[in-house]
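Residue numbers (this note's numbering): 322 to 1044.
Ideal Cβ placement from N, Cα and C applies to all residues, glycine included.
All values derive from a computational prediction rather than experimental measurement.
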């Protein structure tokens, strides 16, 4: 939360943060997995996932069943999707809220309608489904947000049909805006059926997006192709809209409808130029008028590319600016190079809240700053998008995680050749070495308003056994690792998590990745052996925080089984799936694959376990001094520390107290009693009726706040001193 008051309870020794790591397994033998995590504005931590059952949860922890009406999972495998509620320290499991068995295969992503750092808004979840008719994934809005009250289930759900093994099912590309509207990807990818983005409103109903190109009338009937306002029955006669990611000569989606738009030359965002108002013009020899006659899908376009034999494109990512509700959509399209070889071209599109195109970017040059028309033969993909909220919308940036398969002269833009920022240098400016058949990742920051590139870095970890290494980096936190911008080392396949990119309050970028000899920082929880020190690496998952300009690392740590550095055995067994930045560190969650060695654990809480048995869930709260930023704290003081009200409708006795205190409510009063410490961490929630005893033996001396929330909406707080 921005501009929090400095309270005495916030004063602690930053140097002790590194000793406060919580790293644990969780579960029994039921294939438990943690998929995503968020901290809400009363300080509690929500972790979502799935398991075969919940027998591993202590019997003293309250469990609540969420209604899940409408989720299509007819071919399910009897999984139990759940939400764990932890206290702010992650030491105490407060409650488990779960769907009925077989309601869905898991809960995968959790998203809020509010900007990071603001009080928690509405909570939206998605999860995987298996169903003969509507299998793919679902999106649902919880009917409460835990801060205002516990949810009882979903207010509504959307079933998103997806083809097995294709982009929409793998990526689950969706996001929610500040207005509660959801944009989501549907269907298949690089195939022959159907692929699209749709938007539903805050009530879960299909939405009309005025400037999208394809619309469906209320009551059925033929598609309307063109602006919604041109429909004969008016916008009020339309039911919903879509971006149809399909090559055909009638819809003409993502192509220019007029010759002037097709012939438009414009800046490419990094000193070069590109032709065409829309991102798919490059594949075709002429414009395409929606619903017109004589349209063609023939190529080539002006750079020599043509479309492929498959009909659908590849929807991969979407994010929405919670402040403006502008939409940012990432996809790729299968193409054919001038020589006949297959290729994949990426694109990021920006649209306003009504669907009008603002800009698009290819992320590489079609025409270089020197005027050369080029192709980019590596396959490229958009793996994640995120908004950098550290600046207002007019000065804000979009963070893009792209990926390339192979390398050539023209590829994703290098970190030290940025036209709008000539002095820039990324932590890893470019592809190096001679390995070709590998996937490597890329991060870039583009201006929200026009797509201009401001910062970029490659993310390509060293290959095992590589030579041609650079000199050691001078920054002490980089721990003597060779400079990736020196020498010409071989790099190896490095993936970043699909749709799993987070941006902190100061614009730093939090990413999860998988690499080989991964660069780790001096403040890492688990380090990689450096090439100069001998010892072999292992495939590993890692968590990393880049500085806002992508020029350096704040934090980079492995989380993997402690492998044998002589044989490489025991590693490649922890999969990190979700992350969240708190004021003091990062929380990452995932699963252990039930093979290899155990990862190192630390401060294992009572709800966790130090060893894995079968496929266990993984939870890590990793702290470091240089990660501390109070502006990353989502805790809302209005919900975390209630101002004591001396006129509150209850009393506490004794007060001060030692071992116990009694809360005395008016006769017949019912409601909920909450106990928080001086930092606002929720320690207890209890339904009460009349007089209630609070046991204090688990709490140390200090000041606490007791809050009563009446069933009639009344609320009051009283300080409690514990000796």
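Quiz item: Which one of 395, 470 and 690 has the shortest CA to CA distance from residue 452?
Solution: For residue 452, the nearest C-alpha among the options comes from 395.
Exercise. Assign residue 586 to one of two classes, buried (16 or more other C-beta atoms within 10 Å of its C-beta) or exposed (fewer than that).
Key: Exposed, because fewer than 16 other Cβ atoms sit within 10 Å of the Cβ of residue 586.
Quiz item: Going along the chain, which residues of its own chain have a beta-carbon closer than 7 Å to the beta-carbon of residue 934, five neighbours each way excluded?
Solution: For residue 934, the CB contacts under 7 Å within the same chain, skipping 5 residues up- and downstream, are 349 and 350 in chain order.
Quiz item: Does the Cβ of residue 569 have 16 or more other Cβ atoms within 10 Å, making it buried, or fewer, making it exposed?
Solution: Residue 569 should be labelled exposed.
Practice problem: Identify, in the order they occur along the chain, each residue of the same chain with its Cβ nearer than 7 Å to the Cβ of residue 737, setting aside the five sequence neighbours on each side. | Solution: 745, 746, 747 and 750.
Exercise. Within the stretch 776-833, note down every full beta strand (DSSP E) run reaching 3 residues or more, in order along the chain.
Key: Qualifying beta strand (DSSP E) stretches, in chain order: 816-824.
Practice problem: State whether the stretch 682-693 contacts the stretch 796-803, with contact taken as three or more CB pairs (one from each stretch) at a distance under 8 Å. | Solution: Between the stretch 682-693 and the stretch 796-803, the count of C-beta pairs closer than 8 Å stays below three; the two stretches do not touch.
Self-check item: Identity of the residues DSSP links to residue 403 by a beta bridge
Solution: Its beta-bridge partners are 370 and 419.
Quiz item: So what's residue 602 in DSSP terms, helix, strand or just coil?
Solution: DSSP places residue 602 within a helical segment (H, G or I) once states are collapsed to three.
Practice problem: Give me the Cβ distance between residue 807 and residue 711, rounded to the nearest whole Å; I'm assuming they're in contact under 8 Å. | Solution: Not really, about 30 Å apart at Cβ, beyond 8 Å.
Quiz item: What three-state label does DSSP hand residue 617 in the structure shown?
Solution: Coil.
Quiz prompt | Residues that residue 701 bridges to, as DSSP identifies them | solution = Note: residue 701 sits in a beta bridge opposite 725.
Quiz item: Contact between the stretch 418-430 and the stretch 907-915: three or more CB pairs below 8 Å?
Solution: Judged by Cβ distances under 8 Å, the stretch 418-430 makes no contact with the stretch 907-915, as fewer than three pairs qualify.
Exercise. Name the residue from 612, 882 and 514 whose alpha carbon lies nearest to the alpha carbon of residue 544.
Key: The shortest Cα separation from residue 544 among 612, 882 and 514 belongs to 612.
Exercise. State the Cα-Cα distance for the pair residue 1039 and residue 385, rounded to the nearest angstrom.
Key: Their Cα atoms are separated by approximately 29 Å.
Quiz item: Assuming residue 446 contacts residue 467 under a Cβ cut-off of 8 Å, what Cβ separation, rounded to an integer in Å, is found between them?
Solution: Actually they do not touch by this definition, with Cβ atoms about 12 Å apart.
Exercise. Say whether the stretch 864-873 touches the stretch 920-928, bearing in mind that this needs 3 or more beta-carbon pairs closer than 8 Å, one atom from each stretch.
Key: Flag = no, the stretch 864-873 and the stretch 920-928 do not touch.
Quiz item: Expressed to the nearest angstrom, what Euclidean distance is found between the alpha-carbon atoms of residue 981 and residue 407?
Solution: Going by the C-alpha atoms only, they are around 24 Å apart.
Quiz item: CB-CB under 7 Å to residue 636, same chain, minus the five flanking residues each way: which ones, in chain order?
Solution: Counting only Cβ-Cβ distances below 7 Å, and skipping sequence neighbours, we find 488, 489, 494, 506, 510, 516, 518, 566 and 652.
Self-check item: Element boundaries [alpha helix (DSSP H), containing residue 580]
Solution: Per DSSP, residue 580 is one residue of the alpha helix (DSSP H) stretching across 580-583.
Practice problem: Compare the Cα-Cα distances from residue 393 to each of 423, 787 and 847 and report the closest residue. | Solution: Out of 423, 787 and 847, 423 has the C-alpha closest to the C-alpha of residue 393.
Exercise. Indicate the three-state DSSP secondary structure (helix, strand or coil) for residue 396 in the structure shown.
Key: Three-state result, residue 396: coil.
Quiz prompt | CB of residue 629 within 8 Å of CB of residue 617, strictly | solution = Going by C-beta atoms, residue 629 is not nearer than 8 Å to residue 617.
Quiz item: Under a three-way DSSP split, which group does residue 715 fall into?
Solution: Residue state, collapsed to three classes: helix.
Exercise. Please list the segments of the beta strand (DSSP E) lying wholly inside the stretch 878-908, counting only runs of 3 or more residues, in order along the chain.
Key: Taking only runs of at least 3 residues, the beta strand (DSSP E) segments lying wholly in the stretch 878-908 are 895-902.
Practice problem: May I have the straight-line CA-CA distance separating residue 976 from residue 1023, to the nearest angstrom? | Solution: Answer to the nearest angstrom: the Cα atoms are 12 Å apart.
Self-check item: Where residue 809 falls, given that 16 or more other Cβ within 10 Å makes a residue buried
Solution: In the assembly as shown, residue 809 is an exposed residue. Its beta-carbon has fewer than 16 other beta-carbons within 10 Å.
Self-check item: Beta carbon of residue 485 nearer than 8 Å to that of residue 427
Solution: Against a cut-off of 8 Å, the Cβ pair of residue 427 and residue 485 comes out as no contact.
Quiz item: What is the DSSP secondary structure of residue 341, counted as helix, strand or coil?
Solution: In the structure shown, residue 341 falls within a helical segment according to DSSP collapsed to helix, strand and coil.
Quiz item: If residue 433 sits next to residue 359, beta carbons under 8 Å apart, how far is it from one beta carbon to the other, in whole angstroms?
Solution: About 7 Å; that satisfies the 8 Å criterion.
Self-check item: Outcome for residue 268 when other beta-carbon atoms lying within 10 angstroms are tallied against a minimum of 16
Solution: Summary: the structure shown does not reach residue 268, with the chain confined to residues 322 through 1044, and so no result is reported for it.
Quiz prompt | 7 Å CB neighbourhood of residue 608 in its chain, flanking five on each side removed | solution = Residues 576, 577, 578, 579, 580, 582 and 583 of the same chain have their beta carbon placed closer than 7 Å to that of residue 608, with the five preceding and five following residues left out of the count.
Exercise. Can you tell me which of the three DSSP states residue 490 falls into?
Key: If DSSP states are grouped into helix, strand and coil, residue 490 belongs with the helices.
Quiz item: From the DSSP output, which residues share a beta bridge with residue 1045?
Solution: This structure gives no information on residue 1045, because the portion of the chain shown stretches from 322 to 1044.
Exercise. Compute the beta-carbon to beta-carbon distance between residue 1053 and residue 728, rounded to the nearest angstrom, for a pair I have assumed lies under 8 Å.
Key: No answer is possible for residue 1053: it lies beyond the span of the chain, which begins at 322 and ends at 1044.
Practice problem: State the Cα-Cα distance for the pair residue 555 and residue 500, rounded to the nearest angstrom. | Solution: As the crow flies, the alpha-carbon of residue 555 is around 24 Å from that of residue 500.
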